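In this note's numbering, the protein residues as written are 38 to 154.
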């Protein structure tokens, strides 16, 4: 059974930091690109890609988080992380973990991050 379980969300003041974790199971983690998406409350436009890391470790981030967020993975732990620094109120969203390979995608249920001003 495939599972992606996010943790680490919560309430933080603007300028603060959080580290999100996503624990994967039920598939060969090292064979999948991993990513974090987010969806702000009341946002009908869908999920926004925040950061992605490939199986080879290449990363990219949305322009809005460059210099503040860092994605990493530890294949031995089947875990992907998102370090978020200098958080802003506009970063408030549910953050989702995503695994992707060819036409196969898996999603976690999300973790809520709330940044107060």
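Note that the Cβ used here is the ideal one computed from N, Cα and C, for glycine as well. As the structure is a prediction and not an experimental result, all values here were calculated from the model.
| said: Do residue 75 and residue 132 have their beta-carbon atoms positioned less than 7 Å apart in this structure? | reply: Cβ atoms of residue 132 and residue 75: closer than 7 Å.
For residue 70, the residue or residues it bridges with in DSSP:
BP columns for residue 70 point to 137.
| Can residue 149 and residue 46 be called in contact, C-beta distance under 7 Å? | Taking the C-beta atoms as reference points, residue 46 is found nearer than 7 Å to residue 149.
Q) According to the neighbour-count rule (16 or more other Cβ atoms, all chains shown, within 10 Å of its Cβ), is residue 63 buried or exposed? A) So residue 63 ends up on the exposed side.
**Close-in-space but distant-in-sequence residues of the same chain around residue 123 (CB under 7 Å, 5 per side omitted)** = Hits under 7 Å: 52, 105.
TODO: Let me know the secondary structure DSSP gives residue 87 once reduced to three states.
DONE: Correct three-state label for residue 87: strand.
(message) Using 7 Å as the threshold, is the C-beta distance between residue 113 and residue 89 below it?
(response) By the CB criterion at 7 Å, residue 113 and residue 89 fall outside the cutoff.
query = When we look at the beta-carbon of residue 43 and count the other beta-carbons within 10 Å, is it buried (16 or more) or exposed?
reply = Counting Cβ neighbours within 10 Å, residue 43 comes out buried, since at least 16 surround it.
Checklist line | Where residue 101 falls: helix, strand or coil (DSSP) | finding: Here residue 101 sits in helix by DSSP.
Next on the checklist: Beta-carbon within less than 7 Å of residue 154's beta-carbon, same chain only, minus the 5 sequence neighbours each way: which residues are those?
Outcome noted: For residue 154, same chain residues with a beta-carbon under 7 Å away, outside a window of 5 residues either side, are 51, 126 in chain order.
_7 Å Cβ cutoff met for residue 129 and residue 152_ = Contact check for residue 129 against residue 152 passes: the beta carbons are separated by less than 7 Å.
(request) Return the residue from the list 111, 121, 146, 139 that minimises the CA-CA distance to residue 49. (result) Out of 111, 121, 146, 139, 121 has the C-alpha closest to the C-alpha of residue 49.
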